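Numbering (the working numbering), first residue to last: -1 to 124.
Ideal Cβ positions, reconstructed from N, Cα and C, are used throughout, including at glycine.
Predicted, not measured: the structure shown is a model, and the values here were computed from it.
Okay, structure first, notes after.
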Amino acid sequence: MTTREDAAAACLRLPGAYEDYPFRDSNWTAMRHRGNNKIFALIFLREGRIWLNLKAEPMRGDFWRRVFPCVVPAYHMNKEHWISVILDGSMEEEDICRLIEESFELTAPKRRGGRRETSTGLSSDF
C-alpha cells in the first residue's frame, strides 16, 4: 500500500466509514465514523510520500515504532495516542490494515454501558 487511494479504500471498507475534507488544504483527507463523526485516520502527502495518521494505544504505538522504521510519532497530532505510517512500501498491507482497524475501533461510537462498537459487530469494554 503506497497510494492515497489504497489507504482511503482500506479505510472505507470498514462499516460506517466515510471520507471528508474538513480543512482548506485539500492535501488532508479525514476518514471518519458515521456514528460520531470522529476521525480515525488522516491521509496526507508529506516529504514526497503518503502518510497515514492513526490512533493507537500508547504501548501498541511504541511496539509498531520499534518494529517498523516507517511508523513514527504522529505528524501534527498527540504523539502519545497517534502514530504516522509512512506508506513507502516497506510495511505489509495486512499490517497497515490491522492498524487502521485498531484506530477505527479506538474511535468507535460508544454504546450504552461504556462499551464501544467494533468492526466485528461485537462490543468491547473500554
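Decide if residue i is buried, meaning its Cβ has at least 16 other Cβ atoms within 10 Å, or exposed.
{"i": "Lys108", "result": "exposed"}
{"i": "His31", "result": "buried"}
{"i": "Val83", "result": "buried"}
{"i": "Glu91", "result": "exposed"}
Between residue i and the rest of its own chain, which residues show a CB-CB distance below 8 Å, the 5 nearest in sequence each way excluded?
{"i": "Arg58", "result": "Glu100"}
{"i": "Arg63", "result": "Val69, Val70, Pro71 and Ile81"}
{"i": "Arg11", "result": "none"}
Return the Cβ separation of residue i and residue j in integer angstroms, given the expectation that the two are a contact with Cβ distance under 8 Å.
{"i": "Cys9", "j": "Ala54", "result": "With 8 Å as the limit, Cys9 and Ala54 do not qualify as a contact, their Cβ atoms being about 15 Å apart."}
Return the CA-CA distance between residue i and residue j, expressed in angstroms with no decimal places.
{"i": "Leu41", "j": "Leu52", "result": "For the sequence presented, residue 41 should be read as Ile rather than Leu. If I take the Cα positions, the gap works out to 9 Å."}
{"i": "Pro44", "j": "Lys77", "result": "Per the sequence shown, the amino acid found at residue 44 is Arg instead of Pro. About 17 Å."}
{"i": "Pro67", "j": "Thr1", "result": "18 Å"}
{"i": "Phe61", "j": "Met89", "result": "14 Å"}
{"i": "Asp18", "j": "Gly87", "result": "25 Å"}
{"i": "Asn34", "j": "Pro13", "result": "13 Å"}
{"i": "Val65", "j": "Asp93", "result": "11 Å"}
{"i": "Ile37", "j": "Gly46", "result": "23 Å"}
{"i": "Cys95", "j": "Arg22", "result": "28 Å"}
{"i": "Thr105", "j": "Leu50", "result": "16 Å"}
{"i": "Thr118", "j": "Trp26", "result": "Note that Thr118 has pLDDT 49, beneath the 50 cutoff, so the model's placement of it is unreliable and the number below is only indicative. Those two C-alpha atoms are separated by around 28 Å."}
Beta-carbon within less than 7 Å of residue i's beta-carbon, same chain only, minus the 5 sequence neighbours each way: which residues are those?
{"i": "Ser24", "result": "none"}
{"i": "Ile48", "result": "Thr0, Thr1, Arg2, Ala5, Ile41 and Leu85"}
At the 8 Å Cβ level, is residue i part of the contact set with chain B, yes or no?
{"i": "Phe42", "result": "No chain B is present in this structure, which holds just one protein chain."}
Residue i and residue j: beta carbons closer than 8 Å?
{"i": "Ala15", "j": "Phe102", "result": "yes"}
{"i": "Pro20", "j": "Ala7", "result": "no"}
{"i": "Pro56", "j": "His79", "result": "yes"}
Once you ignore the five residues that flank residue i on each side, which residues in its own chain have a CB closer than 6 Å to its CB?
{"i": "Leu120", "result": "At Leu120, the pLDDT of 47 sits below 50, so the modelled position is not reliable; the number obtained from the coordinates is stated separately. Counting only Cβ-Cβ distances below 6 Å, and skipping sequence neighbours, we find nothing."}
{"i": "Leu97", "result": "Leu52"}
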